[in-house]
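Novice: Numbering (UniProt numbering), first residue to last: 1 to 163.
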(Lines of atoms letter the chains of each structure in order from A; the text may use other names.)
(Lines give C-alpha, C1' and ligand atoms only; values in the text may rest on other atoms or scores of the structure.)
Protein backbone atom coordinates (compact mmCIF):
# COMPACT_ATOMS: atom_id res chain seq x y z
CA UNK A 1 0.00 0.00 0.00
CA UNK A 2 1.46 3.39 -0.94
CA UNK A 3 2.24 5.52 2.08
CA UNK A 4 1.71 8.97 0.57
CA UNK A 5 -2.08 8.63 0.13
CA UNK A 6 -2.38 7.26 3.67
CA UNK A 7 -0.47 10.21 5.15
CA UNK A 8 -2.43 12.64 2.99
CA UNK A 9 -5.72 11.18 4.24
CA UNK A 10 -4.51 11.31 7.86
CA UNK A 11 -3.40 14.91 7.35
CA UNK A 12 -6.99 15.88 6.57
CA UNK A 13 -8.99 13.36 8.63
CA UNK A 14 -7.23 13.71 12.00
CA UNK A 15 -7.73 17.50 12.32
CA UNK A 16 -11.39 17.13 11.33
CA UNK A 17 -11.91 14.45 13.97
CA UNK A 18 -10.12 16.61 16.55
CA UNK A 19 -12.26 19.65 15.76
CA UNK A 20 -15.44 17.58 15.94
CA UNK A 21 -14.51 16.06 19.31
CA UNK A 22 -13.42 19.45 20.74
CA UNK A 23 -16.72 21.05 19.69
CA UNK A 24 -18.72 18.17 21.16
CA UNK A 25 -16.73 18.23 24.40
CA UNK A 26 -17.04 22.02 24.64
CA UNK A 27 -20.81 21.75 24.25
CA UNK A 28 -21.00 19.01 26.86
CA UNK A 29 -18.72 20.35 29.66
CA UNK A 30 -18.13 23.95 28.52
CA UNK A 31 -15.35 25.83 26.76
CA UNK A 32 -13.01 26.55 29.67
CA UNK A 33 -13.15 23.05 31.19
CA UNK A 34 -12.37 21.69 27.71
CA UNK A 35 -9.37 24.02 27.37
CA UNK A 36 -8.22 23.08 30.89
CA UNK A 37 -8.55 19.38 30.07
CA UNK A 38 -6.47 19.78 26.89
CA UNK A 39 -3.75 21.59 28.85
CA UNK A 40 -3.89 19.01 31.65
CA UNK A 41 -3.42 16.10 29.20
CA UNK A 42 -0.42 17.88 27.65
CA UNK A 43 1.23 18.40 31.06
CA UNK A 44 0.43 14.84 32.19
CA UNK A 45 1.76 13.50 28.89
CA UNK A 46 5.04 15.39 29.25
CA UNK A 47 5.46 14.02 32.79
CA UNK A 48 4.72 10.43 31.70
CA UNK A 49 7.01 10.80 28.70
CA UNK A 50 9.86 11.77 30.99
CA UNK A 51 9.26 8.83 33.35
CA UNK A 52 8.81 6.23 30.63
CA UNK A 53 11.68 7.64 28.58
CA UNK A 54 14.17 7.19 31.41
CA UNK A 55 12.87 3.67 32.12
CA UNK A 56 13.22 2.70 28.45
CA UNK A 57 16.71 4.21 28.27
CA UNK A 58 17.73 2.18 31.34
CA UNK A 59 16.42 -1.06 29.75
CA UNK A 60 18.22 -0.12 26.51
CA UNK A 61 21.54 0.24 28.37
CA UNK A 62 20.99 -3.01 30.28
CA UNK A 63 20.42 -4.86 26.99
CA UNK A 64 23.65 -3.43 25.58
CA UNK A 65 25.53 -4.42 28.75
CA UNK A 66 24.28 -8.01 28.34
CA UNK A 67 25.44 -7.99 24.71
CA UNK A 68 21.87 -8.22 23.37
CA UNK A 69 20.37 -6.26 20.51
CA UNK A 70 17.92 -3.77 22.09
CA UNK A 71 15.49 -3.84 19.15
CA UNK A 72 12.35 -3.71 21.30
CA UNK A 73 13.70 -0.78 23.30
CA UNK A 74 14.55 1.12 20.11
CA UNK A 75 11.04 0.66 18.76
CA UNK A 76 9.63 1.58 22.18
CA UNK A 77 11.70 4.76 22.03
CA UNK A 78 10.07 5.59 18.69
CA UNK A 79 6.61 5.05 20.18
CA UNK A 80 7.55 7.23 23.15
CA UNK A 81 8.52 10.06 20.80
CA UNK A 82 5.34 9.57 18.81
CA UNK A 83 3.23 9.50 21.98
CA UNK A 84 4.89 12.62 23.34
CA UNK A 85 4.31 14.50 20.10
CA UNK A 86 0.68 13.40 19.98
CA UNK A 87 0.08 14.44 23.59
CA UNK A 88 1.49 17.90 22.94
CA UNK A 89 -0.87 18.24 19.97
CA UNK A 90 -4.14 19.76 21.22
CA UNK A 91 -7.06 17.38 20.99
CA UNK A 92 -8.56 14.31 22.58
CA UNK A 93 -8.20 11.87 19.69
CA UNK A 94 -4.43 12.39 19.44
CA UNK A 95 -4.22 12.31 23.25
CA UNK A 96 -5.84 8.87 23.31
CA UNK A 97 -3.32 7.54 20.81
CA UNK A 98 -0.49 9.32 22.64
CA UNK A 99 -1.43 7.80 25.99
CA UNK A 100 -1.58 4.37 24.35
CA UNK A 101 2.01 4.93 23.22
CA UNK A 102 3.09 5.91 26.74
CA UNK A 103 1.46 3.06 28.66
CA UNK A 104 4.20 0.43 29.05
CA UNK A 105 2.01 -2.61 28.32
CA UNK A 106 0.50 -1.27 25.10
CA UNK A 107 3.81 0.24 23.99
CA UNK A 108 5.64 -3.10 24.37
CA UNK A 109 2.84 -4.90 22.51
CA UNK A 110 2.99 -2.35 19.67
CA UNK A 111 6.80 -2.60 19.51
CA UNK A 112 6.70 -6.39 19.40
CA UNK A 113 4.03 -6.28 16.68
CA UNK A 114 6.18 -3.94 14.57
CA UNK A 115 9.21 -6.21 14.95
CA UNK A 116 7.19 -9.40 14.37
CA UNK A 117 5.62 -8.05 11.17
CA UNK A 118 9.10 -7.38 9.86
CA UNK A 119 8.58 -3.65 9.50
CA UNK A 120 11.94 -3.27 11.23
CA UNK A 121 14.68 -5.83 10.76
CA UNK A 122 16.31 -6.83 14.05
CA UNK A 123 19.46 -8.85 13.39
CA UNK A 124 22.80 -8.64 15.09
CA UNK A 125 25.97 -9.00 13.06
CA UNK A 126 26.90 -12.32 14.61
CA UNK A 127 23.49 -13.93 14.06
CA UNK A 128 23.33 -12.69 10.45
CA UNK A 129 26.74 -14.15 9.59
CA UNK A 130 25.99 -17.44 11.34
CA UNK A 131 22.89 -17.82 9.19
CA UNK A 132 25.01 -17.21 6.10
CA UNK A 133 27.36 -20.02 7.11
CA UNK A 134 30.31 -17.66 7.41
CA UNK A 135 30.78 -18.33 11.10
CA UNK A 136 30.73 -15.80 13.90
CA UNK A 137 31.41 -12.21 12.99
CA UNK A 138 34.09 -10.14 14.53
CA UNK A 139 34.02 -6.44 15.10
CA UNK A 140 33.00 -3.78 17.56
CA UNK A 141 29.79 -5.63 18.49
CA UNK A 142 31.64 -8.89 19.25
CA UNK A 143 32.12 -9.30 22.99
CA UNK A 144 33.86 -12.69 23.07
CA UNK A 145 37.31 -12.91 24.59
CA UNK A 146 39.74 -15.52 23.30
CA UNK A 147 42.36 -16.47 25.82
CA UNK A 148 45.76 -17.77 24.78
CA UNK A 149 49.51 -17.36 24.93
CA UNK A 150 51.85 -16.04 22.27
CA UNK A 151 55.47 -15.24 21.83
CA UNK A 152 57.34 -13.31 19.17
CA UNK A 153 59.65 -15.38 17.04
CA UNK A 154 62.93 -13.80 15.98
CA UNK A 155 63.25 -12.72 12.36
CA UNK A 156 65.01 -15.22 10.13
CA UNK A 157 68.67 -14.39 9.38
CA UNK A 158 69.23 -12.23 6.35
CA UNK A 159 65.83 -10.60 6.41
CA UNK A 160 65.97 -6.80 6.25
CA UNK A 161 64.28 -5.26 9.31
CA UNK A 162 63.47 -1.95 7.63
CA UNK A 163 60.41 -1.75 5.42
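Using N, Cα and C, we set each Cβ at its ideal position, and we do this for glycine too.
Terminal residues of the continuous alpha helix (DSSP H) containing residue 65?
Specialist: Where residue 65 is concerned, the enclosing alpha helix (DSSP H) stretches over 31–65.
Novice: From residue 156 to residue 145, what does the alpha carbon distance come to, in whole angstroms?
Specialist: Answer to the nearest angstrom: the Cα atoms are 31 Å apart.
Novice: Starting from the C-beta of residue 7, find all residues in its chain whose C-beta is less than 8 Å away, skip the five residues before and the five after it, and write them out in chain order.
Specialist: Cβ neighbours of residue 7 beyond the five flanking positions: none.
Novice: Please name the residue, chosen from 18, 36 and 82, that lies closest to residue 100 on a Cα-to-Cα basis.
Specialist: Closest option to residue 100, Cα to Cα, is 82.
Novice: Cutting at 7 Å between CB atoms, please list the residues of its own chain near residue 41, excluding the five before and the five after it.
Specialist: Within the same chain, residue 41 has close Cβ partners 87 and 95.
Novice: Would you identify the three-state DSSP class for residue 153, choosing helix, strand or coil?
Specialist: In the structure shown, residue 153 sits in coil (DSSP, three-state: anything other than H, G, I, E or B).
Novice: Counting Cβ pairs closer than 8 Å, one from the region 65–74 and one from the region 4–20, do we hit at least three?
Specialist: Counting Cβ pairs under 8 Å, fewer than three are found: no touch.
Novice: So residue 104 is in the alpha helix (DSSP H); what residue range does that whole segment cover?
Specialist: First-last of the alpha helix (DSSP H) with residue 104: 104–116.
Novice: Give the C-beta separation of residue 49 and residue 102 to the nearest angstrom, bearing in mind that I take them to be a contact with Cβ-Cβ under 8 Å.
Specialist: Contact holds; Cβ gap of about 6 Å.
Novice: Taking the straight line between their C-alpha atoms, what separation do you get for residue 76 and residue 93?
Specialist: The straight-line gap from Cα to Cα measures roughly 21 Å.
Novice: Smallest Cα separation from residue 58: which of 45, 74 and 46?
Specialist: Ranking the options by Cα distance to residue 58, first place goes to 74.
Novice: Helix, strand or coil for residue 72, going by three-state DSSP, please let me know.
Specialist: In this structure, residue 72 counts as helix in the three-state DSSP scheme.
Novice: Look at the alpha carbon of residue 27 and the alpha carbon of residue 104, and state the distance between them as a whole number of angstroms.
Specialist: The straight-line gap from Cα to Cα measures roughly 33 Å.
Novice: Consider the Cβ of residue 109: report whether some Cβ of chain B lies at a distance smaller than 8 Å.
Specialist: Here chain B cannot be found, since the structure has a single protein chain.
Novice: Can you tell me whether residue 91 is helix, strand or coil according to DSSP?
Specialist: Residue 91: coil per DSSP, three-state reduction.
Novice: Expressed to the nearest angstrom, what Euclidean distance is found between the alpha-carbon atoms of residue 118 and residue 151?
Specialist: The straight-line gap from Cα to Cα measures roughly 49 Å.
Novice: Rounding to the nearest angstrom, what Cα-Cα distance links residue 149 and residue 158 in this structure?
Specialist: Whole-angstrom Cα-Cα distance: 28 Å.
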